[in-house]
Structure formats: structure tokens, C-alpha cells
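*Asks:* Take any residue in the sequence shown, note its place counting from 1, add 504, and you have its number in this note's numbering.
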Amino acid sequence: MAVLTSPPSAPAPAGPERPIERGKAAPGSARPGPARPGLALAGAALCVLAAVLLGFAANLTVVGHLKHARDQQVQYDELRKQLAEGTAPVGGNDSNGKPLVLGAPVGLLDIPALGVHEVVGEGTTSGVLMSGPGHRRDTPLPGQAGTSVIMGRLWGYGSPFAGLGRLPENATVTVMTGQGKAEYRVTGIRRAGDALPTAADPTKGRLTLITATGPAYTPSGVLRVDAELTSPVQPSPPRDRRSGWIGTSEEALKGDSGAWLAVFLWTQGLFLAALLAAWAQRVWGRWQTWICALPVLAGLGLAVAGAATRLLPNLL
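1. Does the structure place the segment 557-572 close enough to the segment 587-603 that three or more beta carbon pairs sit under 8 Å?
2. Please name the residue in 759, 752 and 706 whose C-alpha comes closest to that of residue 723.
3. Distance check for residue 754 and residue 458, CA to CA, integer angstroms please.
4. So the candidates are 649, 799 and 585; which of them puts its Cα closest to the Cα of residue 706?
5. Taking three-plus beta-carbon pairs below 8 Å as touching, is the segment 698-718 in contact with the segment 649-658?
6. Roughly how many angstroms lie between the CA atoms of residue 756 and residue 663, to the nearest whole one?
7. What ranges does the alpha helix (DSSP H) occupy inside the segment 535-623, keeping only unbroken runs of at least 4 residues that lie completely in it?
8. Consult DSSP for residue 643 and reduce its assignment to one of helix, strand or coil.
9. Helix or strand or just coil, what does DSSP make of residue 651?
10. Count the other CB atoms, across all protein chains shown, that sit within 10 Å of the CB of residue 700; report buried if there are 16 or more and exposed otherwise.
11. At what residues does the beta strand (DSSP E) containing residue 771 begin and finish?
12. Can you give me the C-alpha to C-alpha distance between residue 786 and residue 807, rounded to a whole angstrom?
13. Taking residue 790 as part of the alpha helix (DSSP H), name the residues at either end of that continuous run.
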């Protein structure tokens, strides 16, 4: 006799899927951990360090050379206009009788043997020498009686005096000022320990070019090139201050201590931007954050490094 069996029962219809609540992870998926302020702070600190280091490297190489070239063009245009109008400075004051500001163009230096063609600014601080050679303010202008001093960098920011140690004796050096062209003849090169030249005749003119010596970007000494004036001596206007009145920051191989405030303020801005970038990466997304934050961090890093570079020796 055949045994009748009941057909298998159909599976119960599945109920409606329970929606996943917003803000909760799906079952079986990894749940992101809570934000850790310590990691965000460490990430911001690393961003600051990387931006400053990259800024230093850029300021002392590519960006620094570009800044030097631009500043030279601006100063050349200004000096050319002053020479054409007869308002170029011939002493420590401008045509209005006010003291020259730091960095004001005072002359055009030419050293044909080295291919040097640079506008000379007033002052020898680290900030002034970023734009080109600088005239020491407690010495007469080139072409006048006495010893004029011009300082320039050896490596960074255009390295205008990079070949100064190879300058041969009897080479010609000229400086165009508001009193005309002053011509000099090189008489010798001095390094640390060398004998000093004979005292200059107060009625004659002498020029001393100064830069650093030592391995790349690590100055260890001072190099001086002496030259005597061969063109007629120009009259010197009376100076309000005696020789040696300048501050320490304008002496050879000294940094500018006045740059600390700028370093502090720019560093604060960079650190805040790095913290904001670390926070935005968690709530916005990695690529979106870095596309927007990278230019800001790079710019602030260059600003911090540029201000900090002023603390380094001015002949670097």
C-alpha cells in the first residue's frame, strides 16, 4: 500500500529588513574607533616639522634664489629711476633728509671678472642680504674718502659673492652711485690670520668686499677683498653718527635677533593650520583635506623658514 506524505511546507516569507540606524555600523562591519586627540596632536606636530624643514631647504635653494632675483629687479628699477631724477642717495639720508631705510638701493656693483652685476642695499642685516649685497651703514658710500664696506652672501639667496675668493689682483670693481661711477682696483684677499693692510689715507678711497668662508652652508670664517679707489674721490656729506654705531646684527656672520617675533607668530599660524588639517582629515576625508591643506601648509612653512633664516649668519 502506498504511503502518502504531505508536501514540504513552503518557507515562511522573510519579514521586512530592519533598516540600519544612521550613525551605527552594519552587523559584521568594523566600527571605527573613537578619535584620539593625542594622535591628532602628533600628526599636527609632524606636519609642522615637515613644513619647516621643506621650507628651509626651499628658502636656501630654489625659492631663495627666485626671491633674490625678484628683489634685484625691483631694486634696479627703483635705483634707475632715482639716478634719472637725480635723487639717488649720496649719504646716510635720502633726498628728503630722512635716514635711509634698511634695504634701500644705494648703488650698482659690477665685478666683470666674476660676472657680478648686483644692486647694493643699505644695511647688512641678514634680511637685507637676502635681496643682494649690502652697504655697511657706518662706512662712507663707495667713491667717497675712507673705507667703504659691502657684504654679500656666499651660498644662499643668489650667492652673489660665491666667487669672491677667486678674484685676481688688479681686477676692476665698479660701483655706480648718485655721485657717478666709482672705479676700484683689487689689491689683495685676506682670510683669518692674514696681515692687515696698511691704514687707509683719509683723503683717499678704499673698498672692502666681505663674505663667508667654510663648507657649504656652514660658514666658519670671513673673507675680505680689498680694493683701492682709482677714480676721483667724491665729496662726503656730514654723517650724524660716528663709525661703529651699528648693531650687532649688521656685523659679519651675525644673525638678526629681531626676527624672533616673526618666527613665533608664523609658527603659531602653521601649528593651527596643521591641527585643522588633522581634524578635517577625520571628518571630511583624506584626499579632500590634503588637496586644500597642502598649499596652505607649504606657504606657512615657507614663511616660518624665511623668518627663521634671518636668525642665521648674514653671510650664509
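We put the CB at the ideal spot given by N, CA and C, even for glycine.
*Replies:* Well, looking at it:
1. Three or more Cβ pairs closer than 8 Å define a contact, and the segment 587-603 falls short of that threshold against the segment 557-572.
2. A check of alpha carbon separations from residue 723 across 759, 752 and 706 identifies 759 as the nearest.
3. Nothing can be reported for residue 458, as the shown portion of the chain is limited to 505 through 820.
4. Minimum Cα distance to residue 706 is reached at 649.
5. Yes, they touch.
6. C-alpha separation (whole angstroms): 16 Å.
7. Counting only runs of 4 or more, we get 541-563 and 566-589.
8. It is coil, neither helix nor strand.
9. Three-state DSSP puts residue 651 in a strand.
10. Residue environment: residue 700 is assigned as exposed (fewer than 16 neighbouring CB atoms within 10 Å of its CB, all protein chains considered).
11. Here residue 771 belongs to no beta strand (DSSP E); instead the alpha helix (DSSP H) covers 764-787.
12. Going from the Cα of residue 786 to the Cα of residue 807 covers about 27 Å.
13. Membership of residue 790 in the alpha helix (DSSP H) is indicated by the continuous run 790-813.
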